[in-house]
Amino acid sequence: MEGMRTLLILGGGTAGSIAANRLRRKLPASQWRITVVDVDDHHRYQPGYLFVPFGTYSPRQVTRSRRANLADGIPLVYGEVDRVEPEASTVLLTDGRRLEYDALVIATGVTPRPDQTEGMLGPLWRDSVHEFYTYEGSLALAEKLRDWPGGRLAISVVEMPIKCPVAPLEFAFLADAHFTRRGMRDSVEMTYVTPLPGAFTKPIAAQAFGDTLDEKGIALEADFMLMEIDNDARKLVSYDEREVPFDLLVTVPVNMGAEFVARSGLGNELNLVPVDRFTQQARAYPNIFALGDANDIPASKAGSVAHFEIDVFVENFLQYVQGEEMTHRFDGHANCFIETGGGRAMLIDFNYHTEPLPGRFPIAGVGPLSLLKPTRLNHLGKLAFRWMYWNVLIPGRPMGLPSHMSTAGKRTDLVTAGQP
Amino acid sequence: MPTTTINGHDITVDDEGFMTVYDEWDEATGRALADAIGVEMTDEHWAVIRFVREDFRAQGATPTIRRVSTAGGVDTKRLFQLFPKKPAKKMAYIAGLPKPAGCV
């Protein structure tokens, strides 16, 4: 059709689906075609992977159809991307098909890469070395935990950044509750191993999570840069020659962006697309944007970030297609629930500049939710979120939360120094 | 921001002593900072420090260990030998760059 333009979205996961659905309502169908490309029809609710190993969620509860999650008028093309040819504004698929675009959104996320750590894919892989960041991995770990007799359990984060940086902590808390419930907590020795200097990245939350690890009798091995997994001796070895022995290892492998990003010359050393942190426009090409985990902004890799980021992206993109300057700025806002076990959860809310602080949310002084404090209500919020994800977030309906973070109701007095 | 005097120059630093003004650094300052944390500088150390300075100027952020090993060509194991225990922090400290930012 004459004058018809194409927005091509690579990736039909959280970020890609939200962006497609939101923009389909805003861009006139007579002027813009929106097409999504992905390899299959399985849209996974990735936050649910955390609960699969403990049998809380069944595999069916974390999977829906990508196609069904996309609004009418958004075709889903099945195919694997071979490369983007940014100079020609085309995408080449591995089967030889060539897709042209006027604007491109890269939303192919990050993937755990066990191949990046020596010994991870050794004889113990999926036997005594497990992960829960993939569908297959969380199912295999559920199978393992079903009759694991106890022993030394190490939970290790290999390298930052990772998707959902609180998930390994939540796994530790939930594992503690799981073993307690089964009456075998005394026969499990738990160690949390992280390259960070403490339990978490930011000081006040790190303190709160560190205290929680303490209370649960989980040892913390900080500043641990994993060099290799010794399969024979069953131990983690760091670059500075420290060792953590294990009978069962649950690890979060290095997370990297898609390989086609590297093949296309669009990525950094982790295959993340360098973008302007306020607009998510690729630094190298003005008609390419990278959303969600696929970009290199200094924020958490999490659906929550994608959601708030896309609120801002949609406004900017509408200016972009008119040839106007993009005037909206994403502030790095995110919030997330953190399961602490025993039917309780904490909540954190933060952005590029303000670390997670205690307080009340979303209404200052009132709540009803409490920040950085384990409560029953936060846990219910976390469980309710799965419904919100499929029914509100992915269809791109308004969530009723502002995209920009507010400091109202937060203990900003706790921040001592070092805030930029 | 506090200032401190190293090697006869006034430099601006953060609470942990990381320099915050890129252009206040020169190699003599770098050598003095290395002395302060017990790193004896060799040509190999200097090559790494020059890389992280250049990379900061190009990218606007203190490079991670992964970046120094992939883009700078010095593998991680070697970085731990050159800057023992905490290479990312030590490289940034000596190179006069902000402390590496941990993302949330």
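Order-wise, the sequence lines are chains A and B.
Residue numbers for the first sequence follow the numbering used here, so the first one is 248 and each next one is one higher.
Residue numbers for the second sequence follow the numbering used here, so the first one is 29 and each next one is one higher.
Glycine included, C-beta positions come from ideal geometry on N, C-alpha and C.
Keep in mind that this is a model prediction, so the values were computed, not measured.
In angstroms, rounded to a whole number, what distance separates the CA positions of residue i and residue j?
i, j, result
"residue 519 of chain A", "residue 427 of chain A", "40 Å"
"residue 260 of chain A", "residue 394 of chain A", "33 Å"
"residue 455 of chain A", "residue 330 of chain A", "44 Å"
"residue 111 of chain B", "residue 359 of chain A", "28 Å"
"residue 72 of chain B", "residue 109 of chain B", "11 Å"
"residue 564 of chain A", "residue 490 of chain A", "49 Å"
"residue 193 of chain A", "residue 258 of chain A", "Given a span of 248 to 667 for chain A in the structure shown, any question on residue 193 of chain A remains unanswerable."
"residue 63 of chain B", "residue 549 of chain A", "41 Å"
"residue 308 of chain A", "residue 292 of chain A", "8 Å"
"residue 310 of chain A", "residue 377 of chain A", "21 Å"
"residue 469 of chain A", "residue 614 of chain A", "33 Å"
"residue 380 of chain A", "residue 661 of chain A", "33 Å"
"residue 626 of chain A", "residue 511 of chain A", "42 Å"
"residue 281 of chain A", "residue 589 of chain A", "44 Å"
"residue 343 of chain A", "residue 633 of chain A", "37 Å"
"residue 132 of chain B", "residue 465 of chain A", "At residue 132 of chain B the pLDDT is 44, less than 50, meaning the model places this residue with poor confidence; the figure from the coordinates comes in the next sentence. Near 22 Å, if we compare the C-alpha coordinates of residue 465 of chain A and residue 132 of chain B."
"residue 557 of chain A", "residue 429 of chain A", "42 Å"
"residue 52 of chain B", "residue 278 of chain A", "53 Å"
"residue 327 of chain A", "residue 333 of chain A", "17 Å"
"residue 649 of chain A", "residue 321 of chain A", "27 Å"
"residue 369 of chain A", "residue 478 of chain A", "7 Å"
"residue 117 of chain B", "residue 46 of chain B", "9 Å"
"residue 532 of chain A", "residue 572 of chain A", "15 Å"
"residue 554 of chain A", "residue 298 of chain A", "22 Å"
"residue 432 of chain A", "residue 462 of chain A", "13 Å"
"residue 447 of chain A", "residue 335 of chain A", "43 Å"
Select from the options the residue whose C-alpha is nearest the C-alpha of residue i.
i, options, result
"residue 515 of chain A", "B/58, B/94 and B/60", "B/94"
"residue 584 of chain A", "A/356, A/304, A/590 and A/594", "A/594"
"residue 318 of chain A", "A/522, A/650, A/382 and A/644", "A/644"
"residue 652 of chain A", "A/380, A/429, A/294 and A/598", "A/598"
"residue 493 of chain A", "A/500, A/402 and A/268", "A/402"
"residue 97 of chain B", "B/86, B/89, B/88 and B/79", "B/79"
"residue 76 of chain B", "B/50, B/92 and B/40", "B/92"
"residue 224 of chain A", "A/567, A/618, A/559 and A/566", "Residue 224 of chain A falls outside the range modelled here, since chain A spans only 248 to 667, and no answer is possible."
"residue 656 of chain A", "A/612, A/272, A/570 and A/339", "A/612"
"residue 539 of chain A", "A/551, A/530, A/532 and A/533", "A/551"
"residue 113 of chain B", "B/60, B/31, B/67 and B/101", "B/67"
"residue 607 of chain A", "A/586, A/600 and A/659", "A/659"
"residue 503 of chain A", "A/542, A/522 and A/453", "A/542"
"residue 300 of chain A", "A/382, A/600, A/339 and A/365", "A/382"
"residue 545 of chain A", "A/294, A/458 and A/521", "A/521"
"residue 341 of chain A", "A/298, A/532, A/284 and A/294", "A/284"
"residue 357 of chain A", "A/647, A/262, A/338 and A/268", "A/262"
"residue 82 of chain B", "B/39, B/119 and B/36", "B/119"
Using beta-carbon positions only, say whether residue i and residue j come within less than 9 Å of one another.
i, j, result
"residue 69 of chain B", "residue 34 of chain B", "no"
"residue 304 of chain A", "residue 384 of chain A", "no"
"residue 451 of chain A", "residue 604 of chain A", "yes"
"residue 476 of chain A", "residue 483 of chain A", "yes"
"residue 361 of chain A", "residue 498 of chain A", "yes"
"residue 99 of chain B", "residue 129 of chain B", "no"
"residue 408 of chain A", "residue 517 of chain A", "yes"
"residue 442 of chain A", "residue 418 of chain A", "no"
"residue 405 of chain A", "residue 500 of chain A", "yes"
"residue 602 of chain A", "residue 449 of chain A", "yes"
"residue 526 of chain A", "residue 576 of chain A", "yes"
"residue 48 of chain B", "residue 54 of chain B", "no"
"residue 353 of chain A", "residue 631 of chain A", "no"
"residue 302 of chain A", "residue 389 of chain A", "yes"
"residue 58 of chain B", "residue 101 of chain B", "no"
"residue 274 of chain A", "residue 568 of chain A", "yes"
"residue 495 of chain A", "residue 345 of chain A", "no"
"residue 44 of chain B", "residue 127 of chain B", "yes"
"residue 524 of chain A", "residue 457 of chain A", "no"
"residue 365 of chain A", "residue 474 of chain A", "yes"
Tell me which residue opens and which closes the beta strand (DSSP E) that residue i is part of.
i, result
"residue 466 of chain A", "466-468"
"residue 596 of chain A", "591-597"
"residue 319 of chain A", "No beta strand (DSSP E) holds residue 319 of chain A; DSSP gives it neither H nor E."
"residue 608 of chain A", "606-610"
"residue 484 of chain A", "482-485"
"residue 582 of chain A", "581-588"
Identify the continuous alpha helix (DSSP H) that holds residue i and give its terminal residues.
i, result
"residue 58 of chain B", "55-64"
"residue 461 of chain A", "450-462"
"residue 384 of chain A", "382-393"
"residue 291 of chain A", "No alpha helix (DSSP H) contains residue 291 of chain A, which is instead part of the beta strand (DSSP E) from 289-291."
"residue 635 of chain A", "623-635"
Decide yes or no for the touch test of the region 252-262 of chain A against the region 349-360 of chain A: beta carbon pairs closer than 8 Å, at least 3 of them.
yes
Pairing CB atoms from the region 429-446 of chain A with CB atoms from the region 373-392 of chain A, are three or more of them under 8 Å?
no
Using 8 Å as the cut-off, can you tell me whether the region 307-317 of chain A makes contact with the region 285-292 of chain A, which would need three or more C-beta pairs spanning the two stretches below that distance?
yes
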